[in-house]
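First the structure, in the form of structure tokens, and then the observations on it.
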Amino acid sequence: QVQLVESGGGLVQPGGSLRLSCAASESIFNFYAMGWYRQAPGKQRELVTTITRGGSTTAPDALKGRFTISTDSAKNTVYLQMNSLKPEDTAVYYCHVLRRGVDYWGKGTLVTVSS
329 QVQLVESGGG
339 LVQPGGSLRL
349 SCAASESIFN
359 FYAMGWYRQA
369 PGKQRELVTT
379 ITRGGSTTAP
389 DALKGRFTIS
399 TDSAKNTVYL
409 QMNSLKPEDT
419 AVYYCHVLRR
429 GVDYWGKGTL
439 VTVSS
């Protein structure tokens, strides 16, 4: 069972930046893919960005350039750097990993973009 713990959420003003962290309970080299999803109030969960073990990244065109995923294998951690935040980025952000065909999710961290 993989444990994922997100941190770094909070309140930020429009145009600001935030970095989310997701600490995994085992080596990230065990995961085929890692990523971030988000769910805004009243909406379905949606992809933010993913990265494979080989380093390939995926993200919706609307988020490319503002959101960046990275990893630190020494800390078993995946990060989400979010820049130029907008009110519509307000959501609960979830960490996700795919390990041997099984999906694992964190409990989420709330990001609120508001003045």
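Going by this note's numbering, the letters in the sequence shown line up with residues 329 to 443, in that order. All residues carry an ideal CB built from backbone N, CA and C; glycine is no exception.
Item, Value
"Bridge-paired residues (DSSP) for Q367", "V420"
"Residue range of the unbroken beta strand (DSSP E) whose run includes L400", "In the sequence as displayed, the identity of residue 400 is Asp instead of Leu. Note, D400: beta strand (DSSP E), F395 to D400."
"Inter-residue spacing [alpha-carbon to alpha-carbon] between V420 and Q367", "5 angstroms"
"When D400, V376 and G363 are compared against G393, the one with the closest alpha-carbon", "V376"
"Where V441 falls, given that 16 or more other Cβ within 10 Å makes a residue buried", "buried"
"Neighbourhood of L413 by C-beta, 6 angstroms cutoff - its chain only, sequence neighbours within 5 removed", "V340, G344 and V441"
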